[in-house]
Amino acid sequence: MHAGVMTFRVAPGKTEEAVLIYLGSVVPKMREQRGFRGGLVLSNSEVDEGYTITLWETEEDAEAYESSGTYREQVAKFGDTLAEPPTRRIYEVSMQM
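Take 114 as the starting number for the sequence shown in the numbering used here and just add one per residue.
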């Protein structure tokens, strides 16, 4: 299993709007992707930053989400709710507890 880890910073006062976009638009699209197995969103509203961790069956599935353009389409939906462009990296899941 592999994980796509995205680091993001939300613009001040835009956390609620970003959550609604994620739940209403991004999550349904993620569920359509080959190899998608679930995920987590971690946030800290005190500093307006967080992480998404998406789980993928294979590294190829995790990479295909980004290389297909779907990832960029989803990020674009956030518009001015993000303070800066997010970063994304793929990791092998070494252990799951």
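For glycine and all other residues, C-beta sits at the position ideal for the given N, C-alpha and C.
- With a cut-off of 8 angstroms on Cβ pairs, the stretch 123-143 is not in contact with the stretch 170-177, counting fewer than three such pairs.
- Of all C-beta pairs linking the stretch 114-121 to the stretch 159-169, three or more are shorter than 8 angstroms, placing the two stretches in contact.
- Beta-bridge partners assigned by DSSP to Leu-195: Val-123.
- As summarised for the stretch 143-181, the continuous alpha helix (DSSP H) elements at least 4 residues long and confined to that stretch are 172-180, given in chain order.
- Across the structure, Ser-180 and Lys-190 are spaced so that their CA atoms are roughly 17 angstroms apart.
- Distance from the Cα of Asp-193 is smallest, within the candidate group Met-114, Ala-116, Arg-201, Pro-125, for Pro-125.
- With contacts defined by Cβ atoms closer than 8 angstroms, Arg-150 and Met-208 do not form a contacting pair.
- With fewer than 16 neighbouring CB atoms inside 10 Å of its own CB, Gly-182 falls in the exposed class.
- Your pair Gln-187 and Lys-127 does not check out as a contact, with CB atoms roughly 16 angstroms apart and the cut at 8 angstroms.
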